[in-house]
Amino acid sequence: MKVWHRRPVVHQVTDAQPSLSADIGRREKRYFVQMGIRLVCLVLAVVLNVPWPVRALFVAGAIFLPYIAVIGANQPSRGVSSAFEHEAPNQTEIPLHRREIGS
1 MKVWHRRPVV HQVTDAQPSL SADIGRREKR YFVQMGIRLV CLVLAVVLNV
51 PWPVRALFVA GAIFLPYIAV IGANQPSRGV SSAFEHEAPN QTEIPLHRRE
101 IGS
């Protein structure tokens, strides 16, 4: 009769996720760069005397870049996980420290 043993999980340093502060810093930098591009689009749309398709492109950039920047800033990196992803899969009872939810 064969006995199957589960192999122990070996974690390596290269598998480590970036820290939360490093992830937030990276997202903040990306947000500020995108907002800088938006400001440039807005200024170019007002200042330059260009044909309407080019001006419409600048206006579209000034309008839609904030939405894209906010969505990107609120989305964590692929390597960083939130606390909500590590819930117990078969939890049938409210934990003792959270009993006030059901009452």
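Residue numbers (UniProt numbering): 1 to 103. Every residue, glycine too, gets a C-beta built ideally from N, C-alpha and C.
Integer-rounded CB distance, given that residue j should sit under 8 Å from residue i
i, j, result
"Ala73", "Ala62", "Ala73 to Ala62, Cβ: 18 Å. No contact."
Beta carbon of residue i nearer than 9 Å to that of residue j
i, j, result
"residue 128", "Ala60", "Any question about residue 128 goes unanswered here, given that the chain covers just 1 to 103."
"Phe58", "Leu39", "no"
"Pro66", "Arg27", "no"
Exposed unless 16 or more other CB atoms sit within 10 angstroms - verdict on residue i
i, result
"Phe64", "exposed"
Whole-angstrom distance between residue j and residue i, CA atom to CA atom
i, j, result
"Tyr31", "Ile24", "10 Å"
"Gln17", "Arg6", "25 Å"
"Pro51", "Ala22", "43 Å"
"Ile71", "Leu20", "18 Å"
"Val13", "Val33", "31 Å"
"Ala56", "Leu48", "12 Å"
"His11", "Val54", "52 Å"
"Lys29", "Asp15", "24 Å"
"Val9", "Ile37", "45 Å"
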